[in-house]
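In the order they appear, the protein sequences are chains Z and E.
Residue numbers 1 to 504, in this note's numbering, belong to the letters of the first sequence in order.
Residue numbers 1001 to 1504, in this note's numbering, belong to the letters of the second sequence in order.
Accompanying notes for the structure given below.
There are 2 protein chains.
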Amino acid sequence: MPANHTAAYESLCSNARETAKLASIMGLLEWDERTKMPPAGGDYRAEQISYLAGEIHKRQTNPAVGEWLAALADSPLAADRHSESGTVIRQLQRQYDKKTKLPQSLVEELSRTAVLGQQMWVEARKADDFAKFRPLLEKTVELKRQEAAAIGFAVTPYDALLDDYEPGATTAEVGPALAGLRDALTPLVEQIVGSSRKPDGELLKKEFPLDAQEAFGKAASAAIGFDYEAGRLDVTDHPFCAGAGPRDQRITTRYNLHDFGDAFFSILHEAGHGLYEQGLPADQFGLPTGEAVSLGIHESQSRMWENQVGRSRAFWEHFLPQAQTAFASLKGVSLDAFYGAINEVRPSLIRVDADEVTYNLHILIRFELERALIEGDLQPAELPGAWNEKYQRYLGITPPNDADGVLQDVHWSAGLFGYFPTYSLGNLYAGQFFAQANKDLGDLPAAFRRGEFRPLLDWLRQQIHAHGQRWSAGELALQITGRPLSHAPWIEQMRAKYGELYGL
Amino acid sequence: MPANHTAAYESLCSNARETAKLASIMGLLEWDERTKMPPAGGDYRAEQISYLAGEIHKRQTNPAVGEWLAALADSPLAADRHSESGTVIRQLQRQYDKKTKLPQSLVEELSRTAVLGQQMWVEARKADDFAKFRPLLEKTVELKRQEAAAIGFAVTPYDALLDDYEPGATTAEVGPALAGLRDALTPLVEQIVGSSRKPDGELLKKEFPLDAQEAFGKAASAAIGFDYEAGRLDVTDHPFCAGAGPRDQRITTRYNLHDFGDAFFSILHEAGHGLYEQGLPADQFGLPTGEAVSLGIHESQSRMWENQVGRSRAFWEHFLPQAQTAFASLKGVSLDAFYGAINEVRPSLIRVDADEVTYNLHILIRFELERALIEGDLQPAELPGAWNEKYQRYLGITPPNDADGVLQDVHWSAGLFGYFPTYSLGNLYAGQFFAQANKDLGDLPAAFRRGEFRPLLDWLRQQIHAHGQRWSAGELALQITGRPLSHAPWIEQMRAKYGELYGL
Chain Z
1 MPANHTAAYE SLCSNARETA KLASIMGLLE WDERTKMPPA GGDYRAEQIS
51 YLAGEIHKRQ TNPAVGEWLA ALADSPLAAD RHSESGTVIR QLQRQYDKKT
101 KLPQSLVEEL SRTAVLGQQM WVEARKADDF AKFRPLLEKT VELKRQEAAA
151 IGFAVTPYDA LLDDYEPGAT TAEVGPALAG LRDALTPLVE QIVGSSRKPD
201 GELLKKEFPL DAQEAFGKAA SAAIGFDYEA GRLDVTDHPF CAGAGPRDQR
251 ITTRYNLHDF GDAFFSILHE AGHGLYEQGL PADQFGLPTG EAVSLGIHES
301 QSRMWENQVG RSRAFWEHFL PQAQTAFASL KGVSLDAFYG AINEVRPSLI
351 RVDADEVTYN LHILIRFELE RALIEGDLQP AELPGAWNEK YQRYLGITPP
401 NDADGVLQDV HWSAGLFGYF PTYSLGNLYA GQFFAQANKD LGDLPAAFRR
451 GEFRPLLDWL RQQIHAHGQR WSAGELALQI TGRPLSHAPW IEQMRAKYGE
501 LYGL
Chain E
1001 MPANHTAAYE SLCSNARETA KLASIMGLLE WDERTKMPPA GGDYRAEQIS
1051 YLAGEIHKRQ TNPAVGEWLA ALADSPLAAD RHSESGTVIR QLQRQYDKKT
1101 KLPQSLVEEL SRTAVLGQQM WVEARKADDF AKFRPLLEKT VELKRQEAAA
1151 IGFAVTPYDA LLDDYEPGAT TAEVGPALAG LRDALTPLVE QIVGSSRKPD
1201 GELLKKEFPL DAQEAFGKAA SAAIGFDYEA GRLDVTDHPF CAGAGPRDQR
1251 ITTRYNLHDF GDAFFSILHE AGHGLYEQGL PADQFGLPTG EAVSLGIHES
1301 QSRMWENQVG RSRAFWEHFL PQAQTAFASL KGVSLDAFYG AINEVRPSLI
1351 RVDADEVTYN LHILIRFELE RALIEGDLQP AELPGAWNEK YQRYLGITPP
1401 NDADGVLQDV HWSAGLFGYF PTYSLGNLYA GQFFAQANKD LGDLPAAFRR
1451 GEFRPLLDWL RQQIHAHGQR WSAGELALQI TGRPLSHAPW IEQMRAKYGE
1501 LYGL
């Protein structure tokens, strides 16, 4: 190995690790802002965070990074794309290109518009007035198209944006998978809605003391493997998982006295994100070999623990007796009734409140609309009409107003185009991975019934977590399950589960 | 104003504000480490903090700072030492000189020895074996003498070290005040110990539910003015006050079911520190005009709220009825009994557990010993003997072992020489300021009786907090009270208070 290769590689890694140090510090500041910070601390916190963001950007776009990468391009260290060094070089090259391709003026314009957009979105939503938000949405779409053009794309500008959240994924790959999902899902939802058998979710709306909810959620998330020696659970309005270092993952939830499911399943969900982070190689922290692959893969972990595991009958065969000890209101509730209640399907207006089955229809609507906006097939002015039309078509309901319709999500106002589909990709990958794990490990439900979650976690650690970004999401799916991204396993799981529950 | 002056001044301020941004971020990381961080996060947290410390040091010793200061030395901006710009230039010059005078090799040696010293101190204390600690103490004393020599001093090397914590103070000024304190205090303690009247502290050792302690402590600290919109109260082993920004002050305490006083008075104490920080001009954050003067002045604020206010009869005329509502165990307790209990004087071995009166004798012993060590009049090998001899002489007790004697404090093992006297300076300044405030505002106890603490806080804000570092501690005392640092007002307060309590 020529000395200059080694030196360039070491400099590259050291810069990435230093950048990660700043990013992890920023992670703590953001966690604190959302959980502990006194209200008056907000103004200065914004200054601290924007300062760190600037320092991070400086290190990511440092021209020296370009030089180190150029020196390494044809080196033996880069020869195997999936080796440790090959992964580091490939992914840092990717990041450097992305970060340096955008003109500074566009970066600033995007950032300013995102701030204004979110402010205006809050107002427009409160006033139920899409017209207020429209000019900034138009500007945002235009800027995102410029961003896509600056980054470059092969087929559609949407590719360039999707790639930010799901690296390597293309519209040509994701589009058909999601279209297949939609075509298989809408009839299933119609069948469910038409069924005369109705599980009753009301038993989850009795009284559940907050302390007991916290203790029970903590115990269950610890039981599936979330390591509280290297993590915490706190309270926020919107549940999230944030990292403050390689062995410091913090999840949050919110407790509602009259809703067992809201906190419990969000704890499992966020713990699923945390388990992925806790499973990444800590000694590679800050390098692409120690970082998550994509939002889709991240979501596959959270969704799998929340749904394939946490909403399974086997899980509750183990946990329901404990829940009945913890909550007086669950005394005498049968496993069947409880299992039905946590899996009630009901088409609704609001994405974040949606059940496991209809959730993806909310995502599909957003994916189709944002893709059309970016590709120029839909004008922002036409968006509310198109939104309502799709809600009627896919979910059989029409939003009574824009506040609970097209204005319900913050994403577009913040410039997040290409983000929504990763939620559904997470579900599809979760379906694929879970089916494969069940095949590889034998009867997973039997293990859950005994309270054993370690085999599944170890499998995920070995198949996914340990690799960092060595393989892309699509490559991982192919490698682990023998097939590319597909909606089939997930749909099959839904048909089996809800077929039984709703007597289809 | 020549343009180069303005430019240099702006650069200087901007560098200081950026440094403060990093320091405030470090403040949050340290607070989090001691209150919230999961245990496994510690290793990486140390890396984050040491990285930030390095970045802060770089900015403080940046040669450009020296150039800006040189350009400003004779400028009109520096002409008035106490103007806004004059204060900024003078104090940043001071900091720059201090930071750049020490050779890097000495800085590193000091830092390494402090880490080893603290580790060895923990072991030596556990083993009750001073000999284990002696070699590192010898090395530390030698290094601190080198540090003093590098920084320079007029009279004694102890001056150079004291100046780190009490800027501008000299041994010639502090020594006589503390000697006067000692000479007035020892007979008072003897009188108290010899008195047949004994307040009974036992009534504070009944049961005090932790939640109620927290709520009551929070209410009382809010009543004296601590702003919880810009602050928090959390739990730690050792109470402290930490800042994470100009409007983000975090205090901590610990709760003991069978000890009312421990948590309550530490909350008042830390809130006193927090009130000072909350009173500094937020728009000057990061500049010397927005920072605390000295540890002694800081301690004067915490001690005044804890003792002159919180341990006064008037304070409890207002708060005892509330405390009796909050704590069943205080039902039927008379004001006299309660007031006596919170002011029980009992010479004891351990500084941090000492009462208001004897506390200063613990400090005086440490001051005299560390000064002798640094001046070469005492060898580390002779320290345990000298310690025990002074405890017998000043407090009438001899430590049964070194663990509860000379090994009880972490300070010397961490290289903190010159720090201890600031605790007593705080008490003396608190005595001076409180006497003056009482004179300026009329009858302060009458206000306390009505639950009115705002007049005192406003007076402190105006007289002390608002000025940042415009005046040194000694200048402040002279300016506010018309006399230099003196033990007289504090001793007078103690004689009056404890004379009545103990019937002297």
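Where a beta carbon is used, it is the ideal one built from N, C-alpha and C, also for glycine.
Through-space distance from residue j to residue i, alpha-carbon basis
i                       : j                       : result
residue 1379 of chain E : residue 14 of chain Z   : 46 Å
residue 453 of chain Z  : residue 447 of chain Z  : 7 Å
residue 956 of chain E  : residue 1331 of chain E : Residue 956 of chain E is absent from the model: chain E starts at 1001 and stops at 1504.
residue 1258 of chain E : residue 1210 of chain E : 9 Å
residue 320 of chain Z  : residue 459 of chain Z  : 25 Å
residue 102 of chain Z  : residue 346 of chain Z  : 43 Å
residue 1398 of chain E : residue 1373 of chain E : 21 Å
residue 1358 of chain E : residue 1021 of chain E : 40 Å
residue 1477 of chain E : residue 1492 of chain E : 17 Å
residue 1302 of chain E : residue 1269 of chain E : 4 Å
residue 1005 of chain E : residue 240 of chain Z  : 49 Å
residue 242 of chain Z  : residue 135 of chain Z  : 33 Å
residue 589 of chain Z  : residue 59 of chain Z   : Residue 589 of chain Z cannot be examined here, being either before or after the span of chain Z that is shown, 1 to 504.
residue 1195 of chain E : residue 1230 of chain E : 45 Å
residue 1033 of chain E : residue 1245 of chain E : 17 Å
residue 1282 of chain E : residue 45 of chain Z   : 13 Å
Listed by chain order, chain Z residues near residue i by CB distance under 8 Å
i                       : result
residue 1267 of chain E : In chain order: nothing, as chain Z lies at least about 16 Å away.
residue 1247 of chain E : 38, 40, 41, 43, 44
CA nearest to the CA of residue i, picked from the options
i                       : options                        : result
residue 274 of chain Z  : Z:210, Z:291, Z:332            : Z:291
residue 1199 of chain E : E:1101, E:1419, E:1355         : E:1355
residue 1040 of chain E : Z:278, Z:315, Z:266            : Z:278
residue 249 of chain Z  : Z:266, Z:172, Z:271, Z:474     : Z:271
residue 1108 of chain E : E:1125, E:1428, E:1140, E:1048 : E:1140
residue 1184 of chain E : E:1455, E:1361, E:1090         : E:1361
residue 260 of chain Z  : Z:341, Z:146, Z:45, Z:61       : Z:341
residue 1203 of chain E : E:1130, E:1335, E:1369, E:1059 : E:1335
residue 206 of chain Z  : Z:494, Z:327, Z:369            : Z:327
residue 1285 of chain E : E:1018, E:1402, E:1147, E:1158 : E:1018
Per-residue DSSP class, three states only, for residue i
i                       : result
residue 313 of chain Z  : helix
residue 1235 of chain E : strand
residue 1466 of chain E : helix
residue 304 of chain Z  : helix
residue 1036 of chain E : coil
residue 507 of chain Z  : With chain Z covering 1 to 504 only, the question about residue 507 of chain Z has no answer from this structure.
residue 447 of chain Z  : helix
residue 417 of chain Z  : coil
residue 1483 of chain E : coil
residue 1169 of chain E : coil
residue 1183 of chain E : helix
Chain E contact residues for residue i, given Cβ-Cβ distances below 8 Å
i                      : result
residue 25 of chain Z  : 1025, 1029, 1048, 1052
residue 502 of chain Z : Those within 8 Å of residue 502 of chain Z in chain E number zero; the least Cβ separation is about 42 Å.
residue 32 of chain Z  : 1028, 1032, 1244
Opposing strand residues paired with residue i [DSSP bridges]
i                       : result
residue 1250 of chain E : E:1232, E:1242
residue 343 of chain Z  : According to DSSP, residue 343 of chain Z bridges with nothing at all.
residue 1256 of chain E : E:1259
Interface residues of chain Z facing residue i [CB-CB closer than 7 Å]
i                       : result
residue 1244 of chain E : 41
residue 1021 of chain E : 47, 48, 51
residue 1229 of chain E : 38, 39, 40
Partners in chain E for residue i, counting only beta-carbon separations shorter than 9 Å
i                      : result
residue 303 of chain Z : Chain E residues near residue 303 of chain Z: none, gap ~25 Å exceeds 9 Å.
7 Å Cβ cut-off: residues of chain E touching residue i
i                      : result
residue 232 of chain Z : 1036, 1038
heavy atom of the ligand ADP below 7 Å from residue i C-beta
i                      : result
residue 312 of chain Z : The ligand ADP is not part of this structure, which contains no ligands at all.
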